[in-house]
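For reference, the structure discussed in these notes is given below.
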Amino acid sequence: MQTYKVAIVGTGGIAAVHASNLSRTNNRAELVAACDVDDARLQAFADEHGITGRYQSLTELLAEAKPDIVHLCTPPMMHIDQAIECLEAGVHVLSEKPPALSLADFDRLNTAETEGGAQFSCVFQHRFGDASAAARTLIGGTDFGRPLVARCDTLWYRPDEYFDLPWRGTWKAEGGGPTMGHGIHQFDLLLHLLGPWEEVNAIASRQARATSTEDLSAALVRFENGAAATVINSLLSPRETSDIRVDCEFATIELSHLYGYATKDWTITAAPGHEDAISAAWTGQPLERGSGHSAQFLAMYDALDAGQPLPAGADSARQTLEFAAAIYASAFTGQPVRRGDIVPGHPFYGGMDGEGRGTRALDSTALGSTALASAARA
């Protein structure tokens, strides 16, 4: 098993999560460099985590530290250009979400991966717990039966001061509100469990926060396998929870947690008369490893060792980004959106705001005073 040289770009809060989880990969990774335009923050981060290579330029880091993998922990608007620079240099990329602010930007990765020979992966760590792997195996199988009904709720709370950072709550910097920046982890897991979605009908609104984006979205989704699901993404919920529930023919699978889960956070309920089969099917799966960044890191290293495509790679990350785009497109046009509809020339291909459609729709329907919309545009 190879030990991979890793660099972290961006040394804010999520970078500490990456560094901590890298230390739990059984020496599969060596953290050789860090990069940040804020030198004081860079030095403090590097001192805390014992990092020798310290750079204020990604270009210099790539040339001098020569990492195998770069973790992008920068603000969302920087992800795609930094990913492309790394890929063109032949360096693998693990990017925090969202992977890009639009499908148009994301599709630029194709050329960069081909030319540089490196691969892109997005941080969707909820896919990598043992229980999620077990659920994915059992949903649609003989014991659990077809998935019929599902719900996926990201009910979080972010107060007004959360948006004091000037790039938060803006289309230009974050690409959207909780649909892009918060709920994306949960509905990525839902898509991972249920497979390709077929059609989305959605609403989005700005209920209370002085942002330019939505602070709430809700969608009704039809999947190719016939399952129907609701998806809610909120920053307005004082009792914070992250929940997924899938009702199959013979069993209900539920996951309730907040920012990460262990096996104990999953509940399996059998339909009457199926208790023994359901219990045996669930307990017969490996269930030791919980979710988290380190689980995804290890899966990434295993794939590289084997010369296989990276998990949560560009193709599957694009499907999740397309789902987010469909929520916005449906919410701001009032029309259902089918998978594959958002292509070059579509107003939501170049941005989640749909060439200003989102801003106009939210300004016209925002609850509260006119001052809320004025503050959002500021």
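Residue numbering for the sequence shown follows the numbering used here, beginning at 393 and increasing consecutively. Every residue, glycine too, gets a C-beta built ideally from N, C-alpha and C. Computed from a predicted model, the values in this text were never measured in an experiment.
Assumed close pair residue i, residue j - CB separation to whole angstroms, cut-off 8 Å
i    : j    : result
I406 : L423 : Actually they are not in contact, since the Cβ atoms of I406 and L423 sit about 15 Å apart, beyond 8 Å.
L495 : S629 : That pair is no contact at about 29 Å.
R519 : L582 : With 8 Å as the limit, R519 and L582 do not qualify as a contact, their Cβ atoms being about 11 Å apart.
V401 : Q474 : 6 Å
Buried versus exposed call for residue i [16 or more other C-beta atoms within 10 Å across all chains shown]
i    : result
A770 : Only weak support is given to the placement of A770: the predicted model assigns it a pLDDT of 43, under 50, and the value that follows is read from those uncertain coordinates. Exposed.
W563 : buried
K489 : buried
A432 : exposed
T675 : exposed
M692 : buried
T430 : The sequence shown places Asp at residue 430, rather than the Thr named in the question. Exposed, by the Cβ-count rule.
L650 : exposed
Y549 : exposed
G567 : buried
9 Å Cβ cutoff met for residue i and residue j
i    : j    : result
S513 : V483 : no
L434 : C478 : no
R500 : I476 : yes
L586 : I531 : yes
A504 : H471 : no
N413 : F724 : no
F579 : F715 : yes
L627 : P558 : no
T661 : T644 : yes
S597 : A455 : no
Opening and closing residue of the beta strand (DSSP E) in which residue i lies
i    : result
F615 : 608–615
H649 : 643–649
R543 : 539–549
R631 : 628–640
G445 : 445–447
T659 : 658–662
I595 : 589–597
L423 : 421–427
C465 : Careful: C465 lies outside any beta strand (DSSP E) and carries neither H nor E.
F354 : Nothing about residue 354 can be reported from this structure: the residues present for the chain run from 393 to 770 only.
Bounding residues of the alpha helix (DSSP H) (the contiguous stretch that carries residue i)
i    : result
K564 : 563–566
A716 : 706–725
Margin query: For the structure I just gave you, are there three or more beta carbon pairs, one from the segment 635–652 and one from the segment 596–610, closer than 8 Å?
Written below: Output reads no: the segment 596–610 does not touch the segment 635–652.
Next item on the list: Specify whether the segment 678–685 and the segment 700–713 touch according to this definition: at least 3 beta carbon pairs, one from each stretch, less than 8 Å apart.
Entry: They do not touch, by the three-pair rule.
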